[in-house]
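Respectively, the protein sequence lines represent chains D and W. For the first sequence, our numbering begins at 81 and goes up steadily by one. For the second sequence, our numbering begins at 81 and goes up steadily by one. Take a look at the structure below.
2 protein chains.
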Amino acid sequence: MPERSDAGHPVVAGWTKRCYFAGRALMDATLRPYDLGSTQWYVLWHLANVGPTVQRDLGRALELERATLSGIVATLVRKNLIEQTSGGDDQRQRLLTLTAAGEALWRDLPDLSFIHDAAFGGIDEADLATTVRVLRLATERLQNLLRKE
Amino acid sequence: MPERSDAGHPVVAGWTKRCYFAGRALMDATLRPYDLGSTQWYVLWHLANVGPTVQRDLGRALELERATLSGIVATLVRKNLIEQTSGGDDQRQRLLTLTAAGEALWRDLPDLSFIHDAAFGGIDEADLATTVRVLRLATERLQNLLRKE
DNA sequence: TGACAATCGTTCGCTACCTTGCAAATATCG
DNA sequence: CGATATTTGCAAGGTAGCGAACGATTGTCA
Numbered sequence: 081m082p083e084r085s086d087a088g089h090p091v092v093a094g095w096t097k098r099c100y101f102a103g104r105a106l107m108d109a110t111l112r113p114y115d116l117g118s119t120q121w122y123v124l125w126h127l128a129n130v131g132p133t134v135q136r137d138l139g140r141a142l143e144l145e146r147a148t149l150s151g152i153v154a155t156l157v158r159k160n161l162i163e164q165t166s167g168g169d170d171q172r173q174r175l176l177t178l179t180a181a182g183e184a185l186w187r188d189l190p191d192l193s194f195i196h197d198a199a200f201g202g203i204d205e206a207d208l209a210t211t212v213r214v215l216r217l218a219t220e221r222l223q224n225l226l227r228k229e
Numbered sequence: 081m082p083e084r085s086d087a088g089h090p091v092v093a094g095w096t097k098r099c100y101f102a103g104r105a106l107m108d109a110t111l112r113p114y115d116l117g118s119t120q121w122y123v124l125w126h127l128a129n130v131g132p133t134v135q136r137d138l139g140r141a142l143e144l145e146r147a148t149l150s151g152i153v154a155t156l157v158r159k160n161l162i163e164q165t166s167g168g169d170d171q172r173q174r175l176l177t178l179t180a181a182g183e184a185l186w187r188d189l190p191d192l193s194f195i196h197d198a199a200f201g202g203i204d205e206a207d208l209a210t211t212v213r214v215l216r217l218a219t220e221r222l223q224n225l226l227r228k229e
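So this is what it looks like as structure tokens:
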């Protein structure tokens with residue numbers, strides 16, 4: 081967000097945010113006709129490609145807090161796209177499954193891979209690798225600071 | 081968010097999101113004792129360093145939608161940190177100014193530059209430049225796609 | 001001048017993040 | 001076995017983002 085170009089650091093943060101939101105906006109715009117949000121799409125993707133999943137595992141896979149996923153699951157259940165059952169050995173956890181309507185919708189959904197291709201296609205592989213390395217290192221450092229308060 | 085490492089593209093998107101949220105989380109955690117959100121901090125920063133600003137210009141500088149900024153301004157006014165006046169030649173636009181309490185709080189606030197330093201400090205300048213170039217190019221491509229629908 | 005268009009801010013409803021606090025179920029260990 | 005800790009999910013409340021629709025003001029131009 082900051083436009084200060086003093087040293088070069090804040091600029092990275094700014095473009096990280098802009099890039100994240102631009103991709104998300106394109107995803108949201110593409111999914112809008114289907115009345116789906118981007119994170120809802122990720123949930124459907126996971127259930128369609130991995131199969132029925134316990135809510136806890138889905139949260140870990142998608143890196144979402146329990147409270148966040150809880151709301152998204154509630155929305156998808158309300159739309160009748162997924163089902164949330166609690167008939168396992170562990171009575172705390174809930175199994176998530178695509179409904180027939182959910183599977184039908186998933187088949188109708190357009191392929192979103194064009195977004196990644198549009199964003200990063202044709203860019204030098206070495207540059208992409210550098211970008212990933214920088215972002216991952218920065219993320220790990222920030223998360224370390226977060227753990228130590 | 082996606083962990084698929086097929087080609088390399090989706091990985092970039094995943095780390096872009098993680099890095100953005102890690103930085104924001106650290107910022108939020110640092111500001112929590114002061115009951116401030118990260119975007120609220122950016123507004124105070126701008127008013128403290130640039131001076132009183134018309135709301136429209138602030139939105140452009142911070143790249144926020146009118147609706148988003150409207151809510152943030154309302155929050156800061158409610159906290160008595162900024163003032164929103166409408167006494168210009170153009171009766172539509174509102175001038176934002178720090179209140180005395182806002183200036184006092186700003187002086188108490190810790191320096192947040194340690195976040196950028198922690199994230200990107202010590203990384204090769206060329207690698208940072210490459211990262212910025214990749215992210216900016218991807219962002220521009222995505223925004224172009226957004227304009228054409 | 002008078003109709004129409006553009007701009008500015010607000011409000012509403014939505015998605016998606018978070019923390020905190022709670023209750024229920026399960027695991028662990030004395 | 002029983003007390004305690006952990007895990008799982010939910011609800012409430014807050015921040016930050018979006019689009020759409022609406023007054024009010026201002027600009028444009030026939």
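Quick reminder that beta carbons are idealized off the backbone N, C-alpha and C, glycines included. Please read all numbers here as calculations on a predicted model, not as lab measurements.
Check your understanding: Excluding the five sequence neighbours on either side, which residues of its own chain have a C-beta within less than 8 Å of the C-beta of Val-134/D, listed in chain order?
Key -> The answer, listed in chain order, is Gly-168, Gln-173, Arg-174, Leu-175, Leu-176.
Practice item. Starting from Leu-226/D, find everything on chain W with Cβ-Cβ shorter than 8 Å and list it in chain order. Key: Ala-102, Ala-105, Leu-106, Ala-109
Exercise for review: Identify, in the order they occur along the chain, each residue of the same chain with its Cβ nearer than 7 Å to the Cβ of Leu-189/D, setting aside the five sequence neighbours on each side.
Suggested key: Tyr-114
Check your understanding: In chain W, what lies closer than 8 Å to Leu-222/D by C-beta?
Key -> Chain-order list of chain W residues neighbouring Leu-222/D: Cys-99, Ala-102, Gly-103, Ala-105, Leu-106, Ile-195, Ala-198, Ala-199, by C-beta distance under 8 Å.
Review point. For Leu-116/W, which option in Gly-182/W, Gly-201/W, Pro-132/W has the closest C-alpha, if you only look at C-alpha atoms?
Key: Gly-182/W
**Study point:** Ala-206/D to Leu-178/W span [Cα, whole Å]
**Key:** 47 Å
**Study point:** Separation of Val-91/W from Ser-85/W, as counted between CA atoms
**Key:** Only weak support exists for where Ser-85/W lies, its pLDDT of 48 falling under 50; the value from the coordinates is given anyway. Distance between the alpha carbons of Ser-85/W and Val-91/W: 6 Å.
Practice item. Would you mind telling me which residues of chain W sit closer than 9 Å to Thr-179/D, beta carbon to beta carbon, in chain order? Key: What Thr-179/D touches in chain W: nothing, since even the nearest Cβ is about 23 Å away.
Check your understanding: Smallest Cα separation from His-196/W: which of Gly-131/W, Arg-98/W, Arg-187/W, Met-107/W?
Key -> Nearest C-alpha to His-196/W: Met-107/W.
Review point. What is the residue span of the alpha helix (DSSP H) that Thr-230/W lies within?
Key: The displayed coordinates of chain W run from 81 to 229. Any statement about residue 230/W would go beyond what the structure contains.
Practice item. Tell me, to the nearest whole angstrom, how far the beta carbon of Leu-149/D is from that of Tyr-122/D; I am working on the premise that it is less than 8 Å. Key: Leu-149/D to Tyr-122/D, Cβ: 10 Å. No contact.
Point to revise | Neighbour-count burial assignment, Phe-194/D, 16 or more Cβ in a 10 Å radius | key: Exposed: under 16 other Cβ atoms inside 10 Å.
Check your understanding: At a Cβ threshold of 9 Å, is Leu-208/W touching chain D?
Key -> In terms of beta-carbon proximity, Leu-208/W lines the interface with chain D, with at least one pair separated by less than 9 Å.
Practice item. Since I believe Ala-218/W is in contact with Phe-200/D (beta carbons under 8 Å), could you give me their beta-carbon distance rounded to a whole number of angstroms? Key: The Cβ separation is near 6 Å, so the contact holds.
Review point. Roughly how many angstroms separate the alpha carbons of Ala-209/W and Ala-184/D, rounded to a whole number?
Key: 45 Å
Exercise for review: For Trp-147/W, return the contacting residues in chain D, with the cut-off set at a CB-CB distance below 9 Å.
Suggested key: The sequence shown places Ala at residue 147/W, not Trp. None at all; the shortest Cβ gap to chain D is about 14 Å.
Practice item. Check the Cβ of Thr-233/W against every Cβ in chain D and list those closer than 8 Å, keeping chain order. Key: Any answer about residue 233/W is impossible in this case: the structure gives chain W only from 81 up to 229.
Exercise for review: Grab me the residues of Leu-156/D's own chain with a C-beta within less than 8 Å of its C-beta, minus the 5 sequence neighbours each way, in chain order.
Suggested key: These residues qualify, in order along the chain: Gln-120, Val-123, Leu-124, Ile-162, Gly-182.
Exercise for review: Determine the extent of the alpha helix (DSSP H) in which Glu-220/D is found, giving its start and end residues.
Suggested key: 205 to 227
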